Structure formats: structure tokens, C-alpha cells
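Start counting at 1 in the sequence shown, then tack on 13, and there's your number in the working numbering. Where a beta carbon is used, it is the ideal one built from N, C-alpha and C, also for glycine. Note that this is a predicted model, so its numbers are computed, not measured.
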Amino acid sequence: MSGNTFRLSTPLTEEKIKKLKAGDIIYLSGTIFGARDASHKIMVDAIRYH
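Have a look at this one:
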């Protein structure tokens, strides 16, 4: 399955995100934050309770 190719930069707009479909190829540039496992809970709790 191959889809369309998109070159996107952050910050992303809702309009651009809604155009994406499963199978699309996305080249993403800009500031990107990543986290795993327990880090997600820590971040959510920090936002929720502070």
C-alpha cells in the first residue's frame, strides 16, 4: 500500500493533519518531542495538576 507523500514542518495545523491517510509517506521537520512509557504519564500528570 503506498499513499501520497507530504513534506510537513512543525507546528502542524489541524487542516494539514486531516489530509493525512494511512499509508502516506511523511517527511517531518521542525521541533519534535518524543517520550516513552512512564514519561507520558508524568507529562500528563504535570499538565493536569500544575
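Using only the alpha-carbon positions, how far apart do residue i and residue j sit?
i	j	result
Y62	S15	42 Å
T26	K32	10 Å
G47	E28	22 Å
D50	M56	11 Å
What three-state label does DSSP hand residue i in the structure shown?
i	result
I39	strand
R49	coil
K32	coil
Going by the DSSP bridge assignment, what does residue i pair with across the sheet?
i	result
T18	I38
Counting only the same chain and skipping the five closest in sequence on each side, list residues whose C-beta sits under 8 Å from that of residue i.
i	result
K34	G16 and N17
Give every residue of the same chain whose Cβ lies closer than 7 Å to the Cβ of residue i, excluding the five residues on either side of it in the sequence, and list them in chain order.
i	result
I45	T23
Query raised in the report: Does the region 15 to 31 touch the region 41 to 60, meaning 3 or more C-beta pairs lie closer than 8 Å?
Result: Yes: at least three Cβ pairs fall under 8 Å.
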